[in-house]
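Asker: Just passing along the structure, written as structure tokens.
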Amino acid sequence: MKALSKLLKSAGTAKRESKGIEFKQSFDVNSPAEWLEILKDVVAIANCGGGLILFGVKDNGSNSEIDVMPILSVDPASITDKIAKYTGEQFSDFEMVEVTREGKQVAVLVIRGTPVPMVFSKHGSYSLPDGKQKNAFGKGVIYFRHGAKSEPGNSNDLRNVIERELCAVRKSWLGNIRKVVEAPAGHNVRILPPEVIESALPTATPIRIVDDPNAPAYRKMNPDETHPYRLKEVLEILNDKIRRERSINNYDLLCVRFSHNVDSNPAYFYKSKFSTPTYSERFVNRIIDEYEKDNNFFEKARTVYCTGRVEGDSV
24 MKALSKLLKS AGTAKRESKG IEFKQSFDVN SPAEWLEILK DVVAIANCGG
74 GLILFGVKDN GSNSEIDVMP ILSVDPASIT DKIAKYTGEQ FSDFEMVEVT
124 REGKQVAVLV IRGTPVPMVF SKHGSYSLPD GKQKNAFGKG VIYFRHGAKS
174 EPGNSNDLRN VIERELCAVR KSWLGNIRKV VEAPAGHNVR ILPPEVIESA
224 LPTATPIRIV DDPNAPAYRK MNPDETHPYR LKEVLEILND KIRRERSINN
274 YDLLCVRFSH NVDSNPAYFY KSKFSTPTYS ERFVNRIIDE YEKDNNFFEK
324 ARTVYCTGRV EGDSV
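As structure tokens, then:
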């Protein structure tokens with residue numbers, strides 16, 4: 024998330040496109056043809072480790088005059104469905120946020136990387152005004168970002184994917200080795216799965232319920248009940264309960280999540296493999312409580328986010 028947050032901070036000032044940043048001067052959410060071009064960029068960016076699509080920005084880096092509200096209102100689930108239609112993958116590791124750029128609001132689609140590159144399983148073609156057909160992408164082709172373009176991949180792209188995943192695995196291994204090495208003298212190191220499963224067997228390992236987000240997650244309840252809210256619903260509840268001169272938006276929540284490590288805390292955050300992230304009632308109530316204690320809560324979260332520092336304590 025740190026790499027993407029660094030990119031997102033540059034979204035307000037970037038003057039040119041790059042491997043991780045794509046500009047869209049306009050976007051008609053009702054146009055199937057334009058959706059095909061967007062899907063190609065989303066898949067290519069995800070295959071390269073993640074990046075941003077800025078809607079409402081011209082190729083020269085200046086703002087266009089489009090209304091981005093229809094874009095911000097697009098249901099993330101519908102984007103996942105469109106990706107699945109052409110790739111067979113239920114990719115949902117993205118979110119739409121609102122960012123101020125030179126005094127104007129633009130929509131930014133934040134796309135995270137995928138460990139296994141997505142391949143288009145169907146042709147994506149549409150008709151041009153002159154009646155000719157244009158292919159946005161081809162069946163069986165893997166797209167990557169080459170500079171500011173989304174293009175079919177080559178052996179170097181596949182090599183980069185493998186190296187990126189190997190680096191992630193090494194980092195995970197080193198982190199786990201460090202935990203073992205740093206274990207206090209006299210302590211036993213036990214191997215537990217990511218999810219601690221309830222058991223009445225006398226041989227089961229006893230656990231304590233703690234707030235430590237690094238502890239293995241203990242799940243007994245249905246996540247649909249414990250984490251019922253998508254970001255859209257979290258925003259609706261917060262704006263209904265918190266009366267501010269300026270409404271809380273997606274960017275405010277992104278700053279809170281980053282500055283307080285929310286997405287690492289299973290008490291607040293849940294994401295299954297095939298769904299968008301969801302959040303708990305406890306998360307919503309905690310934000311309300313924090314705002315009541317300090318009306319500058321969201322402004323402080325923005326400051327922490329912009330400086331790239333993560334506070335030590337979770338919300």
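Sequential numbering from 24 applies to the sequence shown in the numbering used here.
Even for Gly, the Cβ is constructed at its ideal location relative to N, Cα and C.
1) Look at the Cβ atom of Val80, then the Cβ atom of Lys47, and state whether they are nearer than 9 angstroms.
2) Are the CB atoms of Gly73 and Arg135 within a distance shorter than 9 angstroms?
3) Among Asn272, Glu248 and Ile185, which one has its Cα closest to the Cα of Lys255?
4) Okay, do the stretch 111-128 and the stretch 160-168 touch, 3+ Cβ pairs below 8 angstroms being the bar?
5) Using only alpha-carbon positions, find the residue among Arg325, Ile89, Glu186 and Glu304 that is nearest to Arg280.
6) By Cβ distance, which residues of its chain are closer than 8 angstroms to Pro93, with the 5 residues on each side in sequence left out?
7) Looking only at its chain, what residues have a beta carbon closer than 6 angstroms to the beta carbon of Ser173, apart from the 5 residues adjacent to it on each side?
8) Taking three-plus beta-carbon pairs below 8 angstroms as touching, is the stretch 117-125 in contact with the stretch 263-278?
9) In its own chain, which residues sit with a C-beta less than 8 angstroms from the C-beta of Ile89, not counting the 5 before and 5 after it?
10) Just curious, the alpha helix (DSSP H) that Ile165 is in, first and last residue?
11) Measure the alpha-carbon distance for Phe306 versus Thr249 and round it to whole angstroms.
12) What residues in its chain sit with their C-beta under 7 angstroms from that of Phe320, if we drop five residues either side in the sequence?
13) For Val327, decide whether its Cβ has a neighbour in chain D, counting only Cβ atoms nearer than 9 angstroms.
14) With DSSP as the reference, label Leu132 as helix, strand or coil.
15) Could you name the residues of the same chain whose beta carbon sits closer than 8 angstroms to that of Lys105, not counting the 5 residues immediately before and after it, in chain order?
16) With DSSP collapsed to three states, give me the class of Tyr19.
17) Quick check: the Cα distance between Gln156 and Ser54, rounded to an integer number of angstroms?
18) Taking DSSP as the reference, what is the three-state secondary structure of Arg187?
19) If you follow the beta strand (DSSP E) that Leu77 is part of, which residue opens it and which one closes it?
20) Taking just the CA atoms, how far does Asn83 sit from Ser282?
21) Can you give the Cα-Cα distance for Ala191 and Met141, rounded to whole angstroms?
22) What does a CB cutoff of less than 7 angstroms around Gln128 pick up in its chain, not counting 5 residues either side in sequence?
23) Note the first and the last residue of the continuous beta strand (DSSP E) segment covering Asn158.
24) Can you grab the Cα-Cα spacing for the pair Trp196 / Glu186, in whole Å?
25) Skipping 5 residues on each side, what residues in its chain have a beta carbon closer than 8 angstroms to that of Ser87?
26) Roughly how many angstroms separate the alpha carbons of Leu75 and Ser115, rounded to a whole number?
27) Measure how close the beta-carbons of Ile20 and Leu261 come, nearest whole angstrom, since I'm counting them as under 8 angstroms.
28) Rounded to whole angstroms, what's the CA-CA distance from Thr299 to Cys278? Just pull it up for me.
29) Just to confirm the assignment, what range does the beta strand (DSSP E) spanning Ser142 have?
Answerer: So, from the listed chains and residues:
1) A Cβ-Cβ contact shorter than 9 angstroms links Val80 with Lys47.
2) Taking 9 angstroms as the Cβ cut-off, Arg135 and Gly73 qualify as a contacting pair.
3) Per the C-alpha coordinates, the member of Asn272, Glu248 and Ile185 positioned closest to Lys255 is Asn272.
4) With a cut-off of 8 angstroms, the stretch 160-168 and the stretch 111-128 do not count as touching, because too few Cβ pairs lie within range.
5) When each option's Cα is compared against that of Arg280, the closest is Arg325.
6) Excluding sequence neighbours, Pro93 sits near Val52.
7) The answer, listed in chain order, is Lys63, Asp64, Ala67 and Tyr166.
8) The answer is yes - the stretch 263-278 touches the stretch 117-125, with three or more Cβ pairs under 8 angstroms.
9) For Ile89, the CB contacts under 8 angstroms within the same chain, skipping 5 residues up- and downstream, are Gln48, Ser49, Phe50, Phe78 and Gly79 in chain order.
10) Counted as a single uninterrupted DSSP element, the stretch harbouring Ile165 is not any alpha helix (DSSP H), since DSSP gives it neither H nor E.
11) When only Cα atoms are considered, Phe306 and Thr249 end up about 11 angstroms apart.
12) The beta carbon of Phe320 sits closer than 7 angstroms to the beta carbons of Glu313 and Tyr314 from its chain, once the five residues preceding and following it are set aside; these are given in chain order.
13) Although the question refers to chain D, the structure presented lacks it and comprises just one protein chain.
14) DSSP places Leu132 in strand when its eight states are reduced to three.
15) Cβ neighbours of Lys105 beyond the five flanking positions: Trp58 and Leu62.
16) No answer is possible for residue 19: it lies beyond the span of the chain, which begins at 24 and ends at 338.
17) Straight-line Cα distance between these residues: approximately 15 angstroms.
18) Helix.
19) Unbroken beta strand (DSSP E) run through Leu77: Gly73 to Phe78.
20) So the two alpha carbons sit approximately 32 angstroms from each other.
21) If you take the alpha carbons of Ala191 and Met141, they lie about 18 angstroms apart.
22) Once the five neighbours on either side are set aside, the close Cβ partners of Gln128 are Val91 and Glu121.
23) Gln156 to Phe160 is the extent of the beta strand (DSSP E) around Asn158.
24) Trp196 and Glu186: Cα-Cα distance of roughly 15 angstroms.
25) Answer for Ser87: Gln48, Ser49, Gly79, Val80 and Lys81, listed in chain order.
26) The alpha-carbon atoms of Leu75 and Ser115 are separated by roughly 14 angstroms.
27) This structure does not reach residue 20, given that the chain is present from 24 up to 338, and the question cannot be answered.
28) Taking the straight line from one Cα to the other gives about 18 angstroms.
29) The sequence shown places Val at residue 142, not Ser. From DSSP, Val142 is part of no beta strand (DSSP E); its letter is neither H nor E.
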